[in-house]
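Asker:
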Amino acid sequence: NVSQFENYIYISSNKGIDKVHKSIHTIHPKLNLTILDLKVNYQSVEIKDKLVLPESKNLITIEATAADITGHYSHFQYAIDQEKYDNNASNGIINILLNKGKHTLYLRAVNTNQIPSELIKKLQIEIIVPFYKETWFYILILGVILGSIIHIYITWKSIKYKHIIQQKEALDIQRDKIMADLHDDIGGTLSSLQVNSSIAHSIINNDIKSASNLLSKIELQSKVLAERISDIVWSMRPNQEDIMTISSRVI
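Residues in the sequence shown are numbered from 31 upward in steps of one, following my numbering.
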């Protein structure tokens with residue numbers, strides 16, 4: 031039987047009566063969680079507060095308990111990155127699959143009255159990935175490819191422009207040579223025309239046949255001269271930029 035009088039609670043049993051002050055309260059022991067086993071991809075590793083693991087080893091298994099001789103320990107809870115303990119490890123073992131990056135794992139014990147311990151166990155776990163899987167590496171490769179394409183294009187344009195310049199220089203040289211030859215030819219033809227005209231003029235009254243032959247020769251020379259002048263005019267036209275065109279014109 032239990033009864034209360036003033037500031038005391040009286041409990042009676044077959045062995046007598048116990049008196050307890052009503053201000054007494056239950057003291058819950060602070061359960062300190064201990065990690066018994068730490069596994070990475072089902073392989074046990076050294077238990078420490080910080081782990082750095084490759085991307086291929088991101089499955090973490092933790093077995094933990096709280097040393098409690100009073101029997102108040104029930105299970106433990108855990109949270110990842112934020113202290114929101116929504117996960118319970120009722121059998122004392124948890125399996126966690128982590129993504130790349132840095133993570134903080136929080137663990138705490140829970141007693142039989144479902145009251146969590148104030149003592150928090152923390153594990154720092156970093157999952158790293160190979161550099162060739164990082165975003166910056168893809169950006170770098172893309173930059174190298176684009177840079178190479180631009181370099182190839184600029185080089186091609188430079189070679190093409192250089193080829194055009196060389197071809198133009200070759201055409202200019204050939205055109206200058208042709209014009210020099212035509213000039214010499216025209217000069218000789220004009221001199222011959224002048225001589226023949228003078229002779230024809232002097233003998234036309236005395237030797238009509240010889241004068242007629244000279245006039246025929248002058249006519250032929252005039253025709254040739256006209257063709258040479260036409261060639262000079264043609265060669266000075268800016269759209270005649272093809273070696274084959276010049277060659278065919280000369281022929």
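Ideal Cβ positions, reconstructed from N, Cα and C, are used throughout, including at glycine.
Pull up the CB-CB distance for serine 222 and glutamine 251, whole angstroms please, since I reckon it's below 8 Å.
Answerer: Numbered from 1 along the sequence shown, position 192 holds the residue referred to as residue 222. Numbered from 1 along the sequence shown, position 221 holds the residue referred to as residue 251. About 6 Å; that satisfies the 8 Å criterion.
Asker: Please work out which residues of its chain come closer than 7 Å, Cβ to Cβ, to serine 120, disregarding the five sequence neighbours upstream and downstream, and give them in chain order.
Answerer: Position 90 of the sequence shown, counted from the start, is the residue given in the question as residue 120. Around serine 120: His105.
Asker: Please say whether isoleucine 158 and lysine 335 have beta carbons closer to each other than 8 Å?
Answerer: Within the shown structure, residues of the chain are numbered from 31 to 281, placing residue 335 beyond reach of any answer.
Asker: Run the CB neighbour count on leucine 137, radius 10 Å, all protein chains shown included, and call it buried at 16 or more, exposed below.
Answerer: Taking the first residue of the sequence shown as 1, we reach residue 137 at position 107. Classification for leucine 137: buried.
Asker: For the structure I just gave you, are there three or more beta carbon pairs, one from the region 206-218 and one from the region 227-240, closer than 8 Å?
Answerer: Touching, no, given that fewer than three Cβ pairs across the two stretches are closer than 8 Å.
Asker: On the DSSP letters alone, give me the boundaries of the beta strand (DSSP E) that alanine 96 sits inside.
Answerer: On the sequence shown, position 66 is the one that residue 96 refers to. Here the beta strand (DSSP E) through alanine 96 covers 89-96.
Asker: Out of curiosity, what's the CA-to-CA distance linking isoleucine 276 and tyrosine 191?
Answerer: Indexing the sequence shown from 1 puts residue 276 at position 246. Indexing the sequence shown from 1 puts residue 191 at position 161. Here the model assigns isoleucine 276 a pLDDT of 48, short of 50, so the residue's position is not dependable, and the following value carries that caveat. So the alpha carbons of these two residues sit roughly 22 Å apart.
Asker: Quick one: is lysine 151 buried, meaning 16 or more other Cβ sit within 10 Å of its Cβ, or exposed?
Answerer: Within the sequence shown, residue 151 is the residue found at index 121, counting from 1. That one is buried.
Asker: Would you check whether the ligand COA has a heavy atom nearer than 7 Å to the C-beta of methionine 209?
Answerer: Among the ligands in the structure shown, none appear at all, so the ligand COA cannot be discussed.
Asker: Aspartate 214 by DSSP, collapsed to three states: which one?
Answerer: On the sequence shown, position 184 is the one that residue 214 refers to. Looking at aspartate 214 - three-state DSSP - the assignment turns out to be helix.
Asker: Helix, strand or coil for glycine 122 per DSSP?
Answerer: Start at 1 with the first residue of the sequence shown, and residue 122 comes out as number 92. Glycine 122 falls in the coil class under three-state DSSP.
Asker: Given phenylalanine 161, which residues of its chain have a CB within under 6 Å of its CB, disregarding the five upstream and five downstream residues?
Answerer: As a first step, residue 161 must be located in the sequence shown, where it is residue number 131. Here the set comprises Phe167.
Asker: Whole-angstrom Cβ separation of asparagine 118 and alanine 109, contact assumed at under 8 Å?
Answerer: Reading the sequence shown from its first residue, position 88 is the one you call residue 118. Reading the sequence shown from its first residue, position 79 is the one you call residue 109. Incorrect: roughly 11 Å between the Cβ atoms, too far for contact.
Asker: Report buried or exposed for isoleucine 184, applying the criterion of at least 16 other Cβ atoms within 10 angstroms of its Cβ.
Answerer: As a working mapping, residue 184 is identified with position 154 in the sequence shown. With fewer than 16 Cβ atoms within 10 Å of its Cβ, isoleucine 184 is classed as exposed.
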